[in-house]
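Protein chains in written order, with the numbering used here: chain Y, 1 to 326; chain V, 1 to 780.
Written out as structure tokens, the structure reads:
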């Protein structure tokens with residue numbers, strides 16, 4: 001039965017919906033066979049979160065970040081984190097202009113719309129802190145001057161799970177700044193075949209930039225719209241119960257923080273929005289649980305799947321409303 | 001329970017230990033008096049082994065998801081079993097255990113049942129809690145030397161459990177890995193200190209033991225007595241274990257008996273030769289003048305040292321042994337054994353319309369055979385008769401009753417009175433009644449009896465020849481008394497059309513019970529010459545002796561030999577669970593009648609409403625056989641109805657889910673609301689039930705889409721219906737309330753979606769589509 005009396009959310013969203021579809025399509029074209037990852041990235045973007053990608057080199061982390069920057073029509077910046085990277089290299093610094101005899105501010109890469117911080121765990125904790133402050137506050141303070149970052153500032157940080165030598169692992173408190181942690185993984189055989197096929201005869205010179213999927217200010221409007229998606233009392237209770245379950249699980253060293261719970265709710269809203277609904281369901285909550293909890297709970301990587309499954313299995317999905325209140 | 005987590009194995013093991021200890025304590029408390037404690041421990045061990053076996057089996061064969069349902073059903077069954085056993089016991093033996101023992105058994109079962117599922121934390125914690133209450137209750141109810149060690153072991157294990165449970169509940173941060181180790185050394189030290197104190201207290205020097213024992217309060221003591229005392233000095237409860245061995249109460253088996261000034265069976269020598277002379281000690285005093293008394297208001301301090309002599313040659317100090325304090329009996333007699341029971345004391349035969357005359361003492365020699373089986377028992381050499389069922393044993397402890405006839409049930413088979421082993425102590429009081437010759441039974445004497453019970457079915461086969469007004473005293477009325485013709489007519493009308501025999505006796509008894517009302521205060525007028533006529537024709541109410549008189553006289557008028565018996569009635573409601581005896585008070589003095597059979601046996605009849613004759617006692621196989629026979633007879637009489645009922649029950653059991661589904665669908669139809677949200681939620685509920693009855697309930701942790709999505713895809717033609725319902729249900733459950741978010745669906749559309757889902761996704765459809773549905777393996 002088609003819900004005839006009222007337009008669907010997609011119909012109501014109109015141009016927003018088209019923009020999301022277009023962005024999704026461009027990301028899927030850039031990263032073949034990774035629809036789930038793309039959905040999570042989109043959810044993270046719409047929830048105004050930041051993304052940590054942990055995977056091996058060459059799996060498309062930079063490609064994804066670039067495609068995203070192109071899609072939302074913003075500026076893209078990339079930092080290759082190394083131990084000698086200084087906070088000023090990220091935030092920017094003031095230099096003395098001999099012509100004007102004044103200090104001039106040179107903005108760093110954090111003033112981009114999409115920032116790719118490659119191998120973030122290779123930067124020193126001091127540099128990491130500078131970036132993480134910018135992520136949390138969406139502003140940087142240099143020489144007592146406050147500089148506001150882009151409204152749609154979005155960080156994609158990557159780390160390599162294999163080479164741990166000479167790295168500075170992000171502490172749990174700083175990991176909490178990321179909305180989610182994703183793994184891209186290897187593409188399937190068909191996707192790799194198609195990738196190879198597309199690469200044959202590809203032009204070597206710089207290709208013209210395709211038009212961005214979102215117009216100016218549209219991302220901000222979408223993010224506001226996501227924040228308005230309804231989270232009913234049942235889903236809210238479900239979220240709280242899951243958060244408590246994460247805190248009481250024996251193998252979890254650091255349970256979900258209230259900030260993490262707020263992020264989870266926002267991601268749930270974003271996922272519902274991407275599904276074309278104006279209300280969140282337990283499916284949205286569960287779908288976002290993995291990427292969200294993985295970055296926060298400090299579980300051994302090999303036990304992650306089991307612990308997440310135990311946490312979710314320990315809470316019943318709410319399906320019984322109080323009929324008198326319906 | 002849904003959010004249950006796995007219990008730590010070590011905690012689980014200690015919980016099992018706690019439950020095992022509590023079960024041992026409970027078994028000791030539940031045990032019948034006299035049962036060796038080792039038997040109780042063996043039973044407890046058996047129960048724990050069974051529980052452990054079920055735990056082991058369930059851990060391997062029952063999936064976690066099914067645990068809750070099975071556990072709850074199992075616990076319910078375990079809860080009900082003791083009550084059911086008590087019901088059977090009541091029906092079988094005619095008496096049940098005290099309620100507190102049944103509750104102990106219930107608690108024990110719950111503890112063992114919970115332990116079976118203790119791999120889940122909530123069950124394990126509940127099991128520990130139940131074991132705590134169980135051990136508390138059991139230790140307050142149990143006796144014997146094993147209770148304290150069990151209690152001590154429980155305290156130690158309980159402390160360990162608390163420590164472990166607390167330890168396992170702690171959350172350590174990643175930086176304190178070293179502290180994760182269990183502090184076994186500290187714990188061992190604590191155990192060594194406590195255990196050492198216990199060893200010193202029990203085996204060490206007396207002073208240390210006394211000092212440690214002083215830390216523990218005791219109850220009971222000199223000059224006071226607490227009924228709940230578990231230990232103490234002198235006249236506490238432990239001195240007189242009346243609840244366990246009635247024959248040990250008082251003086252009958254005590255050396256101090258000879259010193260008692262009460263009359264006894266053993267002071268016959270004293271009566272013959274006189275009492276031994278006891279020199280009386282006298283304090284010689286001189287009177288003081290009044291003057292001295294007024295001057296010395298206070299007692300002067302005694303000077304026991306100076307100016308006196310001290311002899312170095314002395315006797316060994318001889319402290320008198322302390323005797324237990326005397327406990328006055330509060331009842332006439334205390335009865336242990338099946339009740340109700342009539343204990344006859346005096347029989348009357350001649351009746352003159354107003355007074356009964358006591359039956360003369362039987363002058364015949366009392367045919368007693370002494371047999372030595374666990375004490376001097378006397379067997380009555382009575383001819384065998386066909387009317388008897390099995391025999392019952394009673395112990396009657398004489399309290400304040402002062403009587404020479406033995407208070408014993410009718411048709412006595414054998415008896416024992418303390419340690420009296422001489423035949424010449426006993427004689428016939430009346431026919432079938434024994435008395436002690438020449439004296440009354442002293443208080444505190446325990447009479448053990450074994451009497452035959454009468455089978456009413458066999459009585460009906462006994463012939464009662466009509467002897468008319470014979471010369472036997474049990475048939476006679478004194479001269480001048482003629483039974484009122486109306487009374488005779490009444491008796492005849494009650495037995496009209498009933499052939500002569502026990503049936504007529506039963507009819508007369510039932511007639512008297514129907515005809516008059518029991519009234520303890522009813523009295524015949526002082527000038528009444530015919531009590532029976534007054535009772536049956538005028539007042540039609542009166543006390544038990546009027547009922548008994550009326551029944552006896554009416555039966556005599558019909559040609560049966562009867563007599564009136566006065567004695568004691570041990571009523572079942574007087575059973576005292578604490579002492580496990582039935583108390584017979586002054587209020588239980590009772591009068592009834594007895595009918596004489598041709599072979600000389602007297603059969604009690606009970607005409608007074610509210611009183612009952614002792615039920616026949618059967619060996620268990622006879623009872624089982626009788627029950628089986630009755631069941632077969634009843635089944636043959638109702639064969640058709642039973643067959644129809646069985647078929648119907650089988651069909652219902654076979655189709656129970658379909659029936660439940662029909663019922664639920666009817667309710668759903670009746671409550672189908674116009675509001676789309678209510679409509680969707682109720683329909684979802686119905687669909688969830690169908691999925692449950694189809695054997696594939698949605699696991700709690702899976703969302704509607706995760707579970708019903710794959711199911712819907714199994715039937716492509718109907719998938720749209722189920723998916724539509726899921727969309728509608730999700731919207732109803734999770735979207736904003738009505739005011740904030742107007743319906744996406746018109747009410748007609750919503751109802752139509754629900755109807756289509758219910759029509760398409762029937763129970764059968766779920767069965768065919770849902771069974772192979774697999775749980776979603778990984779979600780993240």
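In this text, a Cβ means the ideal position worked out from N, Cα and C, and glycines have one as well. Every value quoted in this text rests on a predicted model; they were computed, and no experiment measured them.
_I need the DSSP call for residue 752 of chain V, collapsed to helix, strand or coil._
In the second chain, the residue the question calls residue 752 of chain V occupies position 752. Correct three-state label for residue 752 of chain V: helix.
*Below 8 Å on the Cβ atoms is my guess for residue 19 of chain Y versus residue 274 of chain Y; work out the distance and round it to an integer in Å.*
The count along the first chain starts at 1 and reaches residue 19 of chain Y at position 19. The count along the first chain starts at 1 and reaches residue 274 of chain Y at position 274. Wrong, their Cβ atoms sit about 12 Å apart, outside the cutoff.
*Cα-Cα separation between residue 160 of chain V and residue 120 of chain V, rounded to whole angstroms*: Here residue 160 of chain V refers to the residue found at position 160 of the second chain. Here residue 120 of chain V refers to the residue found at position 120 of the second chain. The alpha-carbon atoms of residue 160 of chain V and residue 120 of chain V are separated by roughly 19 Å.
_Any beta carbon from chain Y within less than 8 Å of residue 731 of chain V's own beta carbon?_
Reading the second chain from its first residue, position 731 is the one you call residue 731 of chain V. For residue 731 of chain V, the answer is yes, since a Cβ of chain Y falls inside 8 Å of its Cβ.
*For residue 119 of chain V, name the three-state secondary structure that DSSP assigns.*
The residue given as residue 119 of chain V occupies position 119 in the second chain. The answer is coil: DSSP assigns residue 119 of chain V none of H, G, I, E or B.
*May I ask whether a heavy atom of the ligand FAD can be found less than 7 Å away from the beta carbon of residue 44 of chain Y?*
What this structure holds is no ligand at all, so the ligand FAD is not there to describe.
*residue 795 of chain V versus chain Y: which residues are under 9 Å apart at the beta carbon?*
The requested residue 795 of chain V is not part of the displayed model; chain V covers only 1 to 780.
*Spatial neighbours of residue 495 of chain V within its chain, please: CB distance less than 7 Å, with the 5 preceding and 5 following residues excluded, ordered by chain position.*
Taking the first residue of the second chain as 1, we reach residue 495 of chain V at position 495. Counting only Cβ-Cβ distances below 7 Å, and skipping sequence neighbours, we find 504, 507, 508 and 558.
*Does DSSP put residue 592 of chain V in a helix, in a strand, or in coil?*
Within the second chain, residue 592 of chain V is the residue found at index 592, counting from 1. Strand at residue 592 of chain V.
*Does the Cβ of residue 328 of chain Y have 16 or more other Cβ atoms within 10 Å, making it buried, or fewer, making it exposed?*
An answer regarding residue 328 of chain Y cannot be provided, because it is not within the stretch 1 to 326 covered by chain Y.
*asked:* Classify residue 356 of chain V: buried if its beta carbon has 16 or more other beta carbons within 10 angstroms, exposed otherwise.
replied: On the second chain, residue 356 of chain V is found 356 positions in, with the first residue counted as 1. Looking at its Cβ environment, which holds 16 or more other Cβ atoms inside 10 Å, residue 356 of chain V is buried.
*Sort V/195, V/659, V/94 and V/182 by Cα distance to residue 165 of chain V and report the nearest one.*
Residue 165 of chain V sits at position 165 when you count from the first residue of the second chain. Nearest C-alpha to residue 165 of chain V: V/182.
_Opening and closing residue of the beta strand (DSSP E) in which residue 77 of chain Y lies_ = Working through the first chain from its first residue, we reach residue 77 of chain Y at position 77. Note, residue 77 of chain Y: beta strand (DSSP E), 76-80.
_In this structure, how does DSSP classify residue 308 of chain Y when only helix, strand and coil are distinguished?_
Locating residue 308 of chain Y in the first chain gives position 308, counting from the first residue. Helix at residue 308 of chain Y.
_Extent of the continuous beta strand (DSSP E) to which residue 429 of chain V belongs_ = Taking the first residue of the second chain as 1, we reach residue 429 of chain V at position 429. Where residue 429 of chain V is concerned, the enclosing beta strand (DSSP E) stretches over 426-430.
*Minimum Cβ-Cβ distance from residue 708 of chain V to chain Y less than 8 Å*: Reading the second chain from its first residue, position 708 is the one you call residue 708 of chain V. No - not a single Cβ of chain Y is within 8 Å of the one on residue 708 of chain V.
_I need the DSSP call for residue 25 of chain V, collapsed to helix, strand or coil._
Counting from 1 along the second chain, the entry for residue 25 of chain V is found at position 25. In this structure, residue 25 of chain V counts as helix in the three-state DSSP scheme.
*Kindly confirm or deny that the segment 178-198 of chain Y and the segment 689-703 of chain V touch, where touching means at least three C-beta pairs closer than 8 Å.*
no
*asked:* Can you find the residues in the same chain that come closer than 8 Å, C-beta to C-beta, to residue 62 of chain V, ignoring five residues on each side of it along the sequence?
replied: Stepping through the second chain from its first residue, residue 62 of chain V is reached at position 62. Counting only Cβ-Cβ distances below 8 Å, and skipping sequence neighbours, we find 70.
*Measuring CA to CA, which of V/354, V/655 and V/627 is closest to residue 91 of chain V?*
Taking the second chain and counting its residues from 1, the one referred to as residue 91 of chain V is at position 91. Taking only the C-alpha atoms, the option nearest residue 91 of chain V is V/627.
_Status (buried if at least 16 other CB within 10 Å, exposed otherwise) for residue 9 of chain Y_ = Numbered from 1 along the first chain, position 9 holds the residue referred to as residue 9 of chain Y. Confidence in residue 9 of chain Y is poor, its pLDDT being 45 and thus under 50, which makes the residue's placement unreliable; the coordinate value appears in the next sentence. Buried, by the Cβ-count rule.
*Ignoring anything shorter than 4 residues or poking outside the segment 182-216 of chain V, list the alpha helix (DSSP H) runs there in chain order.*
184-203 and 206-213
_At least three beta-carbon pairs within less than 8 Å, the segment 93-106 of chain V to the segment 35-44 of chain V_ = no
*Around the C-beta of residue 80 of chain Y, are 16 or more other C-beta atoms found within 10 angstroms, so that it is buried, or is it exposed?*
In the first chain, residue 80 of chain Y corresponds to position 80, counting from 1. Its Cβ having fewer than 16 others within 10 Å, residue 80 of chain Y is exposed.
*Indicate whether residue 546 of chain V and residue 596 of chain V have their beta-carbon atoms separated by less than 8 Å.*
For this step, residue 546 of chain V is matched to residue 546 along the second chain. For this step, residue 596 of chain V is matched to residue 596 along the second chain. No; because the gap between Cβ atoms is not below 8 Å, this pair is not in contact.
*Compute the Euclidean distance between the alpha carbons of residue 192 of chain V and residue 145 of chain V, then round it to the nearest angstrom.*
Taking the second chain and counting its residues from 1, one reaches residue 192 of chain V at position 192. Taking the second chain and counting its residues from 1, one reaches residue 145 of chain V at position 145. Near 24 Å, if we compare the C-alpha coordinates of residue 145 of chain V and residue 192 of chain V.
*Whole angstroms is fine: what's the gap from residue 344 of chain V's alpha carbon to residue 379 of chain V's?*
The sequence position of residue 344 of chain V within the second chain is 344, counting from 1. The sequence position of residue 379 of chain V within the second chain is 379, counting from 1. Cα to Cα, the separation comes out at about 18 Å.
*Leaving out the 5 sequence neighbours to the left and right, which residues in its chain are closer than 6 Å to residue 20 of chain V when beta-carbon positions are compared?*
Within the second chain, the letter at position 20 stands for residue 20 of chain V. Correct list, in chain order: 48.
*Against chain V: residues of the segment 222-234 of chain Y by CB proximity under 7 Å*: 230, 232 and 234
*asked:* Quick check on this structure: which residue in V/124, V/77, V/5 and V/393 has the alpha carbon closest to the alpha carbon of residue 55 of chain V?
replied: The count along the second chain starts at 1 and reaches residue 55 of chain V at position 55. Taking only the C-alpha atoms, the option nearest residue 55 of chain V is V/124.
*Taking a cut of 9 Å between CB atoms, which residues from the segment 298-315 of chain Y lie near chain V?*
298, 304, 305, 308, 309, 310, 312, 313, 314 and 315
*asked:* Under 7 Å, CB to CB, which of the residues in the segment 262-277 of chain Y have a partner in chain V?
replied: none
*Three-state secondary structure (DSSP) at residue 335 of chain Y?*
Nothing can be reported for residue 335 of chain Y, as the shown portion of chain Y is limited to 1 through 326.
*Would you kindly report the start and end of the unbroken alpha helix (DSSP H) that includes residue 545 of chain V?*
In the second chain, the residue the question calls residue 545 of chain V occupies position 545. Per DSSP, residue 545 of chain V belongs to the alpha helix (DSSP H) from 544-557.
_Is residue 131 of chain V close to chain Y? Criterion is C-beta to C-beta, closer than 8 Å._
Taking the first residue of the second chain as 1, we reach residue 131 of chain V at position 131. False, the Cβ-Cβ gap to chain Y never drops below 8 Å.
*Quick one: any contact between the segment 185-194 of chain Y and the segment 26-38 of chain Y, if contact means 3 or more CB pairs under 8 Å?*
yes
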